[in-house]
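In what follows, a structure is listed as structure tokens, so that the remarks can point back to it.
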Amino acid sequence: MQQADHEPKTPPPPAGITVGYVPGVTPGKWTRRWAERLPDVPLTAFQCGQDEQTAILRDGRADLSFVRIPVDREGLNVIPLYTELPVVVAPKEHEIALYDDEVPYQEIAAENFLDPEEMGGAKTGIEVVASGGGLMILPMSVARLYNRKDVVYRTVTDQPETQIGLAWLADRTDAAIEEFIGIVRGRTARSSRQPSVQEQQEKTKGRKTSKTSKNTAQNDGGAAGKGANAGKGSGGRRQGGSGPAAGKQSGKGKPGGGRTPKGRGPRRGRR
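Residue numbers (the working numbering): 29 to 299.
See below:
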């Protein structure tokens, strides 16, 4: 037996959003805010290699990506977020361990420096550093992420800082992407620039408009009823005005109206 066509259909699940991030970035605070504000819209976050930080956008694996600038910006929107200090990573017994805070680059310029990309990434590169193969300069967050007991790192001066940014395809901006961008930028849950707030305002405005129209219709109907009753009542009074009571009232109200009292009429025949 076929089921009735009028049975309610299950609404489709809300579209989710996917965010990639390079090593060293910790997007937890932003994903938590998303979950608090939009609990019904799933967000998936995954770590990618720095060499594919924009490829995940172009091939559709991610809607947004936390990237380490500079990147090829062709077809992308990129907003800078914050900068990272550079550090030098060395074997634990290296002399940089004697420095409490910063190491001047001039004092280690003659060292053998390894390229993280040539090493197959920062993680593998730090393993080579630990074995005594050379030193490596990395963003501080990356050095912390892959830190080992047999290496040491210190902030190094006279080296450029790196910058983290948020990137997405320029032709793929939608409400969900704008919502996440707003969260990363620090907009509050009540900011009128957030698409979710704008949508709620539109719904509230629609409900108010509907309620106002309903009240107006009710008021118009009530006014029409009162008008009809008013006409009926005035007609009744008009009928009442044609009765004897009206004549009696007329006699009282107008001089000379009605009967003339005895002895008060004009005397005739006297001079």
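Don't be surprised by glycine CBs; every beta carbon is placed ideally from N, CA and C.
Nearest-angstrom Cα separation, counted from residue j out to residue i
{"i": "residue 211", "j": "residue 105", "result": "16 Å"}
{"i": "residue 69", "j": "residue 208", "result": "11 Å"}
{"i": "residue 204", "j": "residue 58", "result": "14 Å"}
{"i": "residue 168", "j": "residue 114", "result": "6 Å"}
{"i": "residue 75", "j": "residue 87", "result": "16 Å"}
{"i": "residue 139", "j": "residue 162", "result": "7 Å"}
{"i": "residue 166", "j": "residue 44", "result": "34 Å"}
{"i": "residue 112", "j": "residue 46", "result": "24 Å"}
{"i": "residue 199", "j": "residue 142", "result": "38 Å"}
{"i": "residue 79", "j": "residue 148", "result": "10 Å"}
{"i": "residue 173", "j": "residue 53", "result": "9 Å"}
{"i": "residue 130", "j": "residue 171", "result": "15 Å"}
{"i": "residue 116", "j": "residue 184", "result": "6 Å"}
{"i": "residue 77", "j": "residue 66", "result": "28 Å"}
Continuous beta strand (DSSP E) stretch holding residue i: start and end
{"i": "residue 164", "result": "164-167"}
{"i": "residue 192", "result": "190-197"}
{"i": "residue 182", "result": "179-184"}
Classification of residue i by the beta-carbon crowding that lies within 10 angstroms, buried from 16 upward
{"i": "residue 273", "result": "In this prediction, residue 273 scores a pLDDT of 44, lower than 50, which makes its location untrustworthy; the coordinate-derived value is nonetheless stated afterwards. Residue 273 comes out exposed."}
{"i": "residue 51", "result": "buried"}
{"i": "residue 134", "result": "exposed"}
{"i": "residue 214", "result": "exposed"}
{"i": "residue 48", "result": "buried"}
{"i": "residue 98", "result": "exposed"}
{"i": "residue 132", "result": "exposed"}
{"i": "residue 94", "result": "buried"}
{"i": "residue 182", "result": "buried"}
Identity of the residue in the options nearest residue i by Cα
{"i": "residue 197", "options": "67, 66 and 107", "result": "107"}
{"i": "residue 96", "options": "62, 136, 190 and 218", "result": "190"}
{"i": "residue 153", "options": "127, 128, 125 and 119", "result": "119"}
{"i": "residue 178", "options": "93, 186 and 159", "result": "159"}
Residue i: first and last residue of the uninterrupted alpha helix (DSSP H) it sits in
{"i": "residue 83", "result": "83-86"}
{"i": "residue 213", "result": "203-213"}
* At what residue ranges does the region 49-80 contain a whole run of the alpha helix (DSSP H), taking only runs of 4 or more? -> 56-65
* **Within the region 87-162, ranges of the alpha helix (DSSP H) (whole runs, at least 4 residues)** => 150-158
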